[in-house]
Amino acid sequence: MGEKRTYHQYCGLASALDVVGERWTLLVVRELLMGPRRYVELLADLPGLGTNLLAERLKFLVEKGVVEQVDLHGTGSRLAYRLTAVGQDLRPLVLGLARWGLEFVGEVSPQDTVRPHWGFLAVESMLRPELATAVDESYEFRVDDEVFHIEVRSRVPRAVKGPAVEPAMKAVTDATSFVQIGAGRLTPLAAMVMGRLRLDGDIDAVLRCCALMGIDAGAGRTTAEVPASATS
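To convert, take the position in the sequence shown, counting from 1, and add 1064; that gives my numbering.
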């Protein structure tokens, strides 16, 4: 293992990059923002990252107090990694970068990897709380085998893992289409026409959800009607 590189600049940004600026580090943080993960799980969801490099990145983050090892089951085995309070402070920064990065999402290639659980962080990053309405409701997303939802209460939206209780809208899609919709490369209407998105719910709720996430619905009220049977 080589000596850790540093910018040798007495500056907060440079110091931050000394910790998380190495290749793969922020993607490791992204995975841990979903909750504690075992080493094998991290390795599986970060294809292209070799086991030695993953071990190096985790060791460094533990030394810096960004990540810690935890015994989730109290057995002394099957240890997992999770973010410390210092590591959790990276959440708004990572979400901001994820939202900013959607501007540069191109066409998906055969070499690209996509994981459905990334959709949860994508939703969280896309939320625009200032656009939340006074309507209390929830919007459920089923992205491949992952389920999560947005809950709006008293004009405060939050992303929540798991299914919603009586959601005003349900969306069913695949991970690639979800990213393309979020990046503005595909409108919900176009995705529905192509059979890549199924929607069920009140059209007003659909439009409120799109607005809350900064998504162009791709149609007006007349043409964007969502049938209740769309997910059947």
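Ideal Cβ placement from N, Cα and C applies to all residues, glycine included.
Quick caveat: nothing in here was measured; it's all calculated off a predicted structure.
DSSP three-state assignment for E1171, whether helix, strand or coil: E1171: coil per DSSP, three-state reduction.
For Y1071, which of helix, strand or coil comes out of DSSP? Coil, per DSSP.
Quick check on DSSP: helix, strand or coil for D1264? Assigned with DSSP and collapsed to three states, D1264 falls in strand.
Just checking, does the segment 1209-1218 make contact with the segment 1184-1191 on the three C-beta pairs under 8 Å criterion? At 8 Å Cβ cutoff, the stretches touch.
For A1239, name the three-state secondary structure that DSSP assigns. Per DSSP, reduced to three states, the secondary structure at A1239 is helical.
For T1115 and G1284, the rounded distance between their alpha carbons: Reliability of the predicted coordinates at G1284 is poor, the pLDDT of 42 falling under 50, and the value obtained from them is presented with this limitation in mind. Taking the straight line joining both Cα atoms gives about 50 Å.
With C-beta atoms as the reference, is D1264 less than 8 Å away from K1234? The answer is yes: Cβ separation under 8 Å.
In the structure shown, what three-state DSSP assignment does M1065 receive? Residue confidence is low: M1065 scores 47 on pLDDT, short of 50, so the model does not pin down where it sits. Its coordinate-derived value is still stated next. Correct three-state label for M1065: coil.
Would you please verify whether the beta carbon of A1228 is less than 8 Å from any beta carbon of chain C? Among the protein chains of the structure shown there is no chain C, as only one such chain exists.
Apart from the five residues just before and just after A1078, which ones in its own chain have a Cβ nearer than 7 Å to its Cβ? Result list for A1078: Y1071, in chain order.
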